[in-house]
Amino acid sequence: MTRAPIAPYPALRPRRLRQADWIRRLVRESAVTPSDLIWSMVVHDGEEARVPVPSMPGVERLSVREAAKTAVQARALGIPAIAVFPHIDGRKKDASGSEAANPDGLIAQAVKAMKDAAPEVGIMCDVALDPFTDHGHDGLIENGRILNDPTIERLVEQGLMQAEAGADILAPSDMMDGRVGAIRAALEAAGHQDVMIMAYAAKYASAFYGPYRDAIGSSKALTGDKKTYQMDPGNTEEALREVALDIAEGADMVMVKPGMPYLDIVRRVVEAFAMPTFAFQVSGEYAMLMAAAQNGWIEEERAILESLAAFKRAGCSGIITYFAARAATLLGA
Ligand code: PBG
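Heads up: the sequence shown begins at 1239 in this note's numbering, then just goes up one per residue.
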């Protein structure tokens, strides 16, 4: 970008443009709106309508019926899409995550109920086995190793089931190599050419997923870590390779995850690929903000909106966030 020469003080006084709300609004470079938000939400297969997630104050696991209501709420708030994550009864989990592709399972039911209730709201599903495996990993395991290609076969079945149920966006979050291409090919072959893929392209092995694993009930199950498939937090160039691969394999949109600690990656991905780029403000980011707010250490509402504005400033098309409904309400007020 070419820049005009900057006049020295006092010709240029940057504070002139900050003196009143109207002029601050007029010169603002980026802003978050409800249209930028994907509402991250957990559904469960239990009896209760809503079960609080202790490490995520304000987040609840919802029954299918409640989830349908939130789709209506999203529409009213101007939130374009919901990302739905499952918490299933531990007795349904096994080593291969066979429940993941169940056409009558929790995710299929939730997607159908939400699409019935509010067809105008986009529904995004995670393609990954970890909510369904008894070991909490995203892949099949043999002798302690996560198997790449056999896992892809399961992910394809899972993705097809989600598309069949009416999901609009599939979001592979497993970080197996080659899964985007396999899922794209399977969708095309099955006549689901309009189903979109948002690849968790640069997904890091992060401590910030802790509360999510509580939310979906995999934290006690998980043995070891995910470092053989999720990325090393020290790497940037590798993120660009991961994103390039997923785009080449047919990703319509890409994602960087976690969000706030990885805004440098967001910026580089936006600049390098000019593709719709999203960030996931993950469970640990949510928990941090809420914990500080509940202690009275930060101003909750301002901090929420400021954290979301950061993603837009970095160049994101949108943000997947547990704050979506709160933020949309604040923005509309
Ligand atoms: C599953 C998945 C995870 C998240 C989204 N999809 C957890 C993980 O990879 O361990 C994290 C979401 C969050 O922390 O809010 N593969």
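For each residue, glycine too, the CB sits at the ideal point set by N, CA and C.
Taking a C-beta distance under 8 angstroms as the contact criterion, I1558 and S1268 do not qualify as a contact pair. For E1391, the secondary structure class from DSSP, reduced to helix, strand or coil, is helix. Close CB contacts of Y1560 within its chain, under the 6 angstroms cut and outside five residues either way in sequence, are with S1278, V1297, Y1524 (chain order). Short of 6 angstroms from the beta carbon of A1339, and not among the five residues preceding or following it, lie these beta carbons of its own chain, in chain order: E1395, Q1396, M1399. Bounds of the beta strand (DSSP E) holding T1559 are 1556-1559. By the neighbour-count definition (other C-beta atoms within 10 Å, threshold 16), R1262 is an exposed residue. With respect to the 8 angstroms criterion, M1362 and M1436 are classified as neighbours on the basis of their beta carbons. Membership of R1288 in the beta strand (DSSP E) is indicated by the continuous run 1288-1290. R1383 carries a strand assignment under DSSP once its states are collapsed to helix, strand and coil. The Cβ atoms of V1359 and A1424 lie no closer than 8 angstroms to each other. As the crow flies, the alpha-carbon of I1384 is around 25 angstroms from that of G1343.
Shown here, S1278 sits in a strand according to DSSP, grouped into three states. A direct Cα-to-Cα measurement between A1565 and L1483 gives close to 33 angstroms. When distances are taken from the beta-carbon of A1366 to the heavy atoms of ligand 1, the shortest one is below 7 angstroms. Distance between A1321 and V1270, taken at the CA atoms: about 18 angstroms. Listed in chain order, the non-local C-beta contacts of G1416 below 8 angstroms within the same chain comprise N1386, D1387, I1390, E1487, local neighbours out to five positions each way being set aside. In the pairwise beta carbon analysis, the region 1537-1555 is classified as touching the region 1499-1514: at least three pairs are separated by under 8 angstroms.
With contacts defined by Cβ atoms closer than 8 angstroms, V1507 and V1520 do not form a contacting pair. A1453 sits close to V1280, with the two beta carbons spaced by under 8 angstroms. Out of L1275, D1274, P1324, the CA that lies nearest to the CA of V1289 is found in P1324. In the displayed model, T1308 falls within a helix according to three-state DSSP. Cβ-Cβ distances below 7 angstroms link G1556 to D1274, L1275, I1276, F1516 in the same chain, with the five nearest sequence neighbours on each side left out; the list follows chain order. The beta carbon of D1406 sits closer than 6 angstroms to the beta carbons of G1360, I1361 from its chain, once the five residues preceding and following it are set aside; these are given in chain order. Spanning the alpha carbons of D1332 and L1408 requires a straight line of approximately 23 angstroms. Set against 7 angstroms, the gap from the CB of G1522 to the closest heavy atom of ligand 1 is smaller. When DSSP states are grouped into helix, strand and coil, I1542 belongs to the helix group. Where L1501 is concerned, the enclosing alpha helix (DSSP H) starts and stops at 1501-1511.
Annotation: the continuous alpha helix (DSSP H) that includes Y1524 extends over 1521-1532.
For A1459, no pairing in a beta bridge is given by DSSP. Of the heavy atoms belonging to ligand 1, none sits nearer than 7 angstroms to the Cβ of S1293.
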